[in-house]
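**Student:** Heads up: the protein sequence lines correspond to chains X and Y, in order.
Here our numbering is used: the first residue of the first sequence is 161, the next is one more, and so on.
Here our numbering is used: the first residue of the second sequence is 516, the next is one more, and so on.
Where a beta carbon is used, it is the ideal one built from N, C-alpha and C, also for glycine.
Remember, predicted model here, so these are calculated numbers, not experimental data.
Structure incoming, see below.
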Amino acid sequence: MNKDKLVVAKKNFNSRLIVGTGKYQNMSECAKAIKISGAEIVTVAVRRVNITNKKKPLLMDYIDPKKITYLPNTAGCFNSTEALRTLRLAREIGGWKLVKLEVLGDKKNLFPEMIETLKSTEILAKEGFKVMVYCNDDPLMAKRLENAGACAIMPLAAPIGSGLGIQNKINIRIIRHQTKLPLIIDAGLGQASDATIAMELGCDGVLVNTAIAKAKKPFDMALAFKKAVIAGRLSYLSGRIEKTLDGRPSSPNKGII
Amino acid sequence: MKKIKKIKIKIKLNGKARIINENLKIIDLIKRLKIPVKKVAIELNHEILDKKKLNNIYLKKNDKIEIVHFIGGG
């Protein structure tokens with residue numbers, strides 16, 4: 161189990177839990193939750209520097225990018241142009257090449273705009289980015305992303321922030337069987353058991369933000385997700401028993417008095 | 516001696532209009548704003564600037580500058 165690492169773009173990670181850094185009450189709460197979760201990759205957003213309030217705390221002062229891998233994200237982008245601009249800026253901040261592409265298509269359900277996502281993946285891969293791609297749970301589109309040069313496929317479980325959990329297990333399993341790329345469930349998880357289910361389906365990892373940040377006890381939920389991911393992975397690797405409709409006794413029938 | 520009046524120019528910084536002195540280098544603007552260069556990326560008129568070259572760029576009238584950094588996000 162110790163050798164069982166998450167490998168993304170040839171980089172090894174011990175933790176299969178990726179966490180978002182948004183929606184926390186403050187930076188110190190965010191930093192503590194990340195520490196408890198054991199996550200080694202965190203997603204971050206690119207936004208304008210606050211020129212007027214210079215005392216506003218900086219993310220980098222709380223989460224050291226030398227210790228935790230920053231995964232710049234294009235959250236809030238609704239077309240390829242915006243996404244490419246954001247990630248090129250992210251690269252300029254400190255040389256980040258491992259990025260998460262997320263091009264949204266609908267402001268209400270926040271579903272990904274897959275045509276723009278595919279287009280952006282192709283361009284970014286050609287520019288040398290390692291692109292982890294947020295996508296819908298369509299196996300055909302996942303294949304296209306892989307062919308376009310994605311370094312990880314990140315299908316949604318349900319709409320971002322919805323907490324609904326995995327809605328289409330069959331599609332996730334189909335994507336699992338068709339790709340050797342890291343498969344990471346991104347968006348829509350609500351509780352720790354959702355992460356276990358994702359891992360038991362054979363996913364390589366999960367990305368969680370709202371479910372931890374907005375839990376009544378974020379630190380406890382961070383720990384719950386950490387354990388849930390480990391449990392799910394172990395369960396998957398252990399090989400589950402076959403399902404049967406009939407009962408099968410656990411005690412031997414021989415020697416019954 | 517006659518005092519030379521500095522010429523002011525208008526630029527747009529992170530979406531807001533700002534009046535600065537003419538012949539101001541972009542690096543000096545960033546230093547004046549106390550922004551840590553290592554933690555940001557800078558765009559001038561939609562072109563990303565190489566941070567090593569900030570010392571050579573003078574701001575011009577109507578320049579649009581965007582200075583971005585990482586914040587918490589999902």
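(1) Compare the C-beta of Y/K579 against all C-beta atoms of chain X and say whether one is closer than 9 Å.
(2) Does the separation of the CB atoms of X/R400 and X/C363 fall below 9 Å?
(3) Sort X/I320, X/L361, X/E273 and X/G365 by Cα distance to X/G350 and report the nearest one.
(4) Using the C-alpha atoms, what's the distance from Y/N536 back to Y/P551?
(5) Is the beta carbon of X/L343 closer than 9 Å to that of X/P315?
(6) Please tell me whether Y/L523 has its Cβ less than 9 Å away from any Cβ of chain X.
(7) Check whether the Cβ of Y/L528 lies closer than 9 Å to any Cβ atom in chain X.
(8) Start and end of the beta strand (DSSP E) containing Y/F585?
(9) Measure the alpha-carbon distance for Y/N560 versus Y/L574 and round it to whole angstroms.
(10) Of the residues that make up the segment 183–198 of chain X, which ones have a beta carbon closer than 9 Å to any beta carbon in chain Y?
(11) Less than 6 Å between C-beta atoms, sequence neighbours within five positions excluded: which residues of the same chain meet that for X/Y222?
(12) So is Y/K540 in contact with chain X if we call contact Cβ pairs under 9 Å?
(13) Closest by CA to X/T366, which one among X/V202, X/D380 and X/A375?
(14) With a CB to CB cut of under 6 Å and the five nearest residues on each side skipped, what residues in its chain are close to X/A382?
(15) Label X/T370 either buried or exposed according to how many other C-beta atoms from any shown protein chain fall within 10 Å of its C-beta, with 16 as the threshold for buried.
(16) Of all the options X/P409, X/S398, X/K286 and X/L278, which has the alpha carbon lying nearest to the alpha carbon of X/I313?
(17) Quick one: using the 10 Å Cβ neighbour count with 16 as the cut-off for buried, is X/V141 buried or exposed?
(18) Residue ranges of each alpha helix (DSSP H) run of no fewer than 4 residues wholly in the segment 369–414 of chain X, ordered along the chain?
(19) Y/K553 by DSSP, collapsed to three states: which one?
(20) Is X/T277 close to chain B, meaning its C-beta is less than 9 Å from at least one C-beta of that chain?
(21) From X/V389, X/Y230 and X/A317, pick the residue whose C-alpha is nearest to that of X/N296; which is it?
(22) Name the chain Y residues whose beta carbon is nearer than 7 Å to that of X/A352?
(23) Taking Cβ positions only, does X/R245 come closer than 9 Å to chain Y?
(24) Measure the C-alpha to C-alpha separation of Y/A556 and X/L405 and round it to an integer number of angstroms.
(25) So, using beta-carbon positions, are X/L177 and X/V368 closer together than 9 Å?
(26) Excluding the 5 residues preceding and the 5 following X/E422 in the sequence, name in chain order all residues of the same chain whose CB lies nearer than 6 Å to its CB.
(27) Does the Cβ-Cβ distance between X/R248 and Y/I541 come in under 9 Å?
(28) Leaving out five residues on either side along the sequence, give the residues of the same chain with a beta carbon under 6 Å from the beta carbon of X/N239.
(29) Counting C-beta neighbours from all protein chains within 10 Å, is the total for X/V167 16 or more, i.e. buried, or is it exposed?
(30) State yes or no: is the C-beta of X/V204 within less than 9 Å of the C-beta of X/N233?
**Tutor:** On the basis of the data shown:
(1) no
(2) no
(3) X/I320
(4) Y/P551 and Y/N536: Cα-Cα distance of roughly 22 Å.
(5) Yes; because the gap between Cβ atoms is below 9 Å, this pair is in contact.
(6) This sequence places Lys at residue 523 of chain Y; Leu is not what is there. Cβ-Cβ to chain X under 9 Å: no for Y/K523.
(7) yes
(8) K579 to G587
(9) 11 Å
(10) The residues in question are K183, Y184, M187 and C190.
(11) M187 and A191
(12) no
(13) Here the sequence assigns Val to residue 366 of chain X, which means Thr is not the residue at that position. Among X/V202, X/D380 and X/A375, the Cα nearest to that of X/V366 is on X/V202.
(14) For X/A382, where only same-chain residues beyond five positions count, the Cβ hits under 6 Å are A193, I196, S197 and I372.
(15) Classification of X/T370: buried, given that the 10 Å Cβ count is 16 or more.
(16) X/L278
(17) Lying outside 161 to 417, the shown extent of chain X, residue 141 of chain X is not represented and no answer is given.
(18) Segments of the alpha helix (DSSP H) lying fully in the segment 369–414 of chain X: 370–373 and 378–398.
(19) helix
(20) Absent from the structure is chain B; the protein chains it does hold are X and Y.
(21) X/A317
(22) None at all; the shortest Cβ gap to chain Y is about 18 Å.
(23) yes
(24) 60 Å
(25) yes
(26) In this structure chain X extends from 161 to 417, so residue 422 of chain X is not present and cannot be described.
(27) No; because the gap between Cβ atoms is not below 9 Å, this pair is not in contact.
(28) Hits under 6 Å: E276.
(29) It counts as exposed.
(30) yes
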